[in-house]
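So the protein sequences, as listed, match chains U and S.
Residues in the first sequence are numbered consecutively from 1, following this note's numbering.
Residues in the second sequence are numbered consecutively from 304, following this note's numbering.
Here the structure comes first, spelled out in structure tokens, and everything after it is commentary.
Protein chains: 2
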Amino acid sequence: MSTSIGFIGLGIMGGPMSANLAAAGFAVAGYDVHRPALDRLTAAGGQPCARIAEAVVDADVVITMLPDSPQVEEVVLGEEGVLDYAKPGTLLIDMSTIRPETSRRVASLGSTRGVRVLDAPVSGGQQGAIDGALSIMAGGDERDFRAAGGIFDVLGKTVVHVGPHGAGQTVKAANQLVVGGTYALVAEAIVFLEASGVDASAGLEVLAGGLAGSRILELKRKTMVAREFQPGFRIDLHHKDMGIVLDAARTAGVALPVGALTAQLIAAARAQGYGDLDHSAVLRVVEGLSGVRAWFGHPGFSV
Amino acid sequence: MSTSIGFIGLGIMGGPMSANLAAAGFAVAGYDVHRPALDRLTAAGGQPCARIAEAVVDADVVITMLPDSPQVEEVVLGEEGVLDYAKPGTLLIDMSTIRPETSRRVASLGSTRGVRVLDAPVSGGQQGAIDGALSIMAGGDERDFRAAGGIFDVLGKTVVHVGPHGAGQTVKAANQLVVGGTYALVAEAIVFLEASGVDASAGLEVLAGGLAGSRILELKRKTMVAREFQPGFRIDLHHKDMGIVLDAARTAGVALPVGALTAQLIAAARAQGYGDLDHSAVLRVVEGLSGVRAWFGHPGFSV
Chain U
1 MSTSIGFIGL
11 GIMGGPMSAN
21 LAAAGFAVAG
31 YDVHRPALDR
41 LTAAGGQPCA
51 RIAEAVVDAD
61 VVITMLPDSP
71 QVEEVVLGEE
81 GVLDYAKPGT
91 LLIDMSTIRP
101 ETSRRVASLG
111 STRGVRVLDA
121 PVSGGQQGAI
131 DGALSIMAGG
141 DERDFRAAGG
151 IFDVLGKTVV
161 HVGPHGAGQT
171 VKAANQLVVG
181 GTYALVAEAI
191 VFLEASGVDA
201 SAGLEVLAGG
211 LAGSRILELK
221 RKTMVAREFQ
231 PGFRIDLHHK
241 DMGIVLDAAR
251 TAGVALPVGA
261 LTAQLIAAAR
271 AQGYGDLDHS
281 AVLRVVEGLS
291 GVRAWFGHPG
301 FSV
Chain S
304 MSTSIGFIGL
314 GIMGGPMSAN
324 LAAAGFAVAG
334 YDVHRPALDR
344 LTAAGGQPCA
354 RIAEAVVDAD
364 VVITMLPDSP
374 QVEEVVLGEE
384 GVLDYAKPGT
394 LLIDMSTIRP
404 ETSRRVASLG
414 STRGVRVLDA
424 PVSGGQQGAI
434 DGALSIMAGG
444 DERDFRAAGG
454 IFDVLGKTVV
464 HVGPHGAGQT
474 VKAANQLVVG
484 GTYALVAEAI
494 VFLEASGVDA
504 SAGLEVLAGG
514 LAGSRILELK
524 RKTMVAREFQ
534 PGFRIDLHHK
544 DMGIVLDAAR
554 TAGVALPVGA
564 LTAQLIAAAR
574 AQGYGDLDHS
584 AVLRVVEGLS
594 GVRAWFGHPG
604 FSV
């Protein structure tokens with residue numbers, strides 16, 4: 001008999017992930033607060049559920065893919081939540097990006113009900129979810145990580161067990177720290193080059209080929225220079241994630257000065273109305289600081 | 304008759320560069336204030352000179368590779384300097400990393416003496432110089448850039464004409480901005496992971512494979528986690544370069560908040576006595592901020 005999965009949170013990420021699991025032969029019972037998400041699951045061969053209890057009660061594995069820590073607390077720990085209905089021995093895999101501390105709390109409360117827990121946040125975005133090509137960073141017991149192998153293989157390409165409960169979230173936070181900071185740095189390089197009268201495309205091409213090179217320079221330098229900010233991964237979400245980074249750093253007792261500054265620039269992007277744009281739109285804040293949007297009209301400006 | 308080159312500044316970078324040019328068949332007459340550097344040029348098949356004038360007077364091309372802007376001003380513009388002796392039509396290629404403004408001034412004063420000038424700073428470090436595999440970012444006239452092609456081909460692997468006089472320095476400054484900032488970000492990620500009790504090596508490996516990936520994560524994550532800081536490129540030099548970045552940004556009229564913070568962290572590294580270590584040693588400052596060097600003795604710490 002195939003492993004039965006209860007999947008809670010069928011949105012931009014959870015939708016294609018649950019569909020891929022159904023396509024791979026898992027029995028997927030899904031729950032979401034939005035009706036169209038349930039209809040999409042039905043079309044993908046899954047079983048839509050009207051309540052969390054329905055999705056969870058017969059599941060061997062419960063997967064949650066939710067927006068933020070409060071939603072995970074509500075869905076998993078709250079009244080009529082996952083822990084109220086999951087049978088002992090169930091494996092709960094929370095793939096949301098949330099505070100490491102919340103992941104540790106969920107694991108601890110899960111164990112009192114006989115529910116094993118992994119935190120397994122992902123990177124790779126909507127396209128990675130659709131392609132089953134996510135990077136998955138898992139925290140929890142090695143045994144549970146191995147037990148989840150068949151599921152992770154469907155969802156991800158790079159799957160790494162990085163440590164105990166919360167470690168997956170910590171690595172995801174470190175990832176978002178470096179990604180956000182790199183966008184800010186590339187934004188500053190673009191503004192600096194343009195304001196100096198240098199063709200930013202040519203300059204960034206040299207940078208991309210040397211020690212300054214990065215995946216972000218490789219994938220995003222053209223769209224950033226052209227000011228094309230269709231998401232991708234939205235500023236609003238990266239803003240949420242930088243909150244997790246700084247909160248987790250406080251918990252760990254360390255100062256992250258570049259991370260803190262990056263968080264402020266991303267917060268400014270949100271405050272300036274760019275929340276729905278791609279996170280590379282932190283460039284809007286950096287250029288706005290120096291009022292250099294005028295360079296678009298400058299005769300030396302070229303895309 | 305082969306192009307004759309006057310090469311001024313035969314140090315860590317200029318030494319191997321001039322030797323490679325001599326080995327490629329150019330007639331190289333070299334000058335340096337340090338006697339051993341001249342001896343090495345002799346051994347490499349070049350002609351040592353006791354004065355700048357000697358190296359310059361019969362040269363078709365003069366190359367300067369000097370520590371900083373004041374040295375370039377002194378050697379090129381000063382009394383008994385390059386412009387006093389270079390014959391009209393000489394091509395002066397300044398490959399030092401200096402202020403873009405100084406490069407523009409050298410080009411302007413050169414043109415009044417009939418000397419054509421390129422600014423052509425490099426990246427790739429000592430090993431790149433030895434291997435003839437530098438990245439070369441050139442500013443100046445397209446015609447002069449083409450004329451220097453045979454020389455650049457010996458010295459570099461990636462050779463790009465990025466714009467008018469000073470543009471090479473501007474791109475180099477942007478490169479150092481992104482490189483310095485990326486080191487600071489990776490340092491913060493390491494400190495955050497370790498202080499959270501997560502194995503930094505495993506965590507950084509995940510980061511290196513995704514959107515956070517960079518050449519620095521690829522090349523330096525192992526040595527940084529192990530706290531191995533043999534240069535490479537010294538903190539002292541990156542400190543100098545961040546001064547150029549911020550000075551050039553002031554000239555261009557733009558604010559670079561992450562660049563400025565990065566410059567302060569590198570300045571702190573120098574102030575704390577790490578000037579001779581590799582620039583990745585900015586990690587010492589980041590961990591020192593939170594007093595987390597104790598993690599070396601923590602049972603969970605592994606390299």
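Even glycine gets a Cβ: it sits at the ideal position worked out from N, Cα and C.
In the structure shown, the three-state DSSP call for T461(S) is strand. With respect to the 8 angstroms criterion, G348(S) and A325(S) are classified as neighbours on the basis of their beta carbons. Taking all protein chains in view, the Cβ of S123(U) is crowded by 16 or more other Cβ atoms within 10 Å, so the residue is classified as buried. For S280(U), not one C-beta of chain S is nearer than 8 angstroms to its own C-beta.
One alpha carbon belongs to G114(U), the other to L580(S), and they sit about 52 angstroms apart. Under DSSP, M440(S) shares a beta bridge with V463(S). Membership of V561(S) in the alpha helix (DSSP H) is indicated by the continuous run 560–574. In terms of Cα proximity to V162(U), the closest of A505(S), I433(S), L437(S), L510(S) is A505(S). Nearest in C-alpha terms to I52(U), of all of A86(U), L177(U), K172(U), is A86(U). Within 10 angstroms of the beta-carbon of T112(U) lie fewer than 16 other beta-carbons, which makes it exposed.
For D199(U), the nearest beta carbon of chain S is closer than 8 angstroms to its own beta carbon. Taking C-beta atoms under 8 angstroms as the contact rule, A476(S) and I547(S) qualify, at a distance of about 5 angstroms. Contact between the stretch 216–228 of chain U and the stretch 269–287 of chain U is present, with at least three C-beta pairs closer than 8 angstroms.
If you draw a straight line from the Cα of A167(U) to the Cα of V33(U), it comes to about 29 angstroms. The count of Cβ pairs closer than 8 angstroms, one atom from the stretch 530–541 of chain S and one from the stretch 446–466 of chain S, stays below three, leaving the stretches out of contact. Residue state for Y274(U) is assigned as coil, using DSSP reduced to three classes. Close CB contacts of K240(U) within its chain, under the 7 angstroms cut and outside five residues either way in sequence, are with D68 (chain order). Interface with chain S (8 angstroms Cβ-Cβ cutoff): G132(U) is excluded.
Counting along the chain, the unbroken beta strand (DSSP E) around D119(U) starts and ends at 116–119. Between M13(U) and Q126(U), the C-beta gap is smaller than 8 angstroms, which places the two residues in contact. Legend: CB atoms of the stretch 435–468 of chain S lying less than 7 angstroms from CB atoms of chain U belong to residues S438, M440, T461, V463, V465, G466.
The beta carbon of F536(S) sits closer than 6 angstroms to the beta carbons of G428, H582 from its chain, once the five residues preceding and following it are set aside; these are given in chain order. Put simply, the CB of I216(U) is near chain S, with a gap under 8 angstroms to one of its CB atoms. Around the beta-carbon of Q575(S), fewer than 16 other beta-carbon atoms lie within 10 Å, marking it exposed. The Cβ neighbour count for S305(S), taken over all protein chains shown within 10 Å, is under 16; the residue is labelled exposed. For the stretch 485–496 of chain S, the residues whose beta carbon sits under 9 angstroms from a beta carbon of chain U are, in order, T485, A487, L488, V489, A490, E491, A492, I493, V494, F495, L496. Relative to the Cα of I130(U), the nearest Cα in the group V171(U), S18(U), V82(U), S96(U) belongs to S18(U). Less than 8 angstroms separates the beta-carbon of T64(U) from that of V72(U).
In the DSSP annotation of this structure, the continuous segment of the beta strand (DSSP E) that includes T64(U) starts and ends at 61–64. Under a criterion of Cβ atoms nearer than 7 angstroms, the residues of chain U adjacent to V482(S) are, in order, L211, A212. Listed in chain order, the alpha helix (DSSP H) elements of length 4 or more contained wholly in the stretch 80–112 of chain U are 82–85, 100–112. For the C-beta of G253(U), the chain S residues within less than 7 angstroms are, from N- to C-terminus, A498, S593. In chain order, A487, E491, L564, Q567, L568, V589, L592 make up the part of chain S whose C-beta sits under 9 angstroms from the C-beta of P257(U). With a cut-off of 8 angstroms on Cβ pairs, the stretch 489–499 of chain S is in contact with the stretch 243–258 of chain U, counting three or more such pairs. Inter-residue distance for G413(S) and R407(S) is about 10 angstroms (C-alpha atoms, whole angstroms). In this structure, the straight-line span from the alpha carbon of T158(U) to that of G150(U) is close to 13 angstroms.
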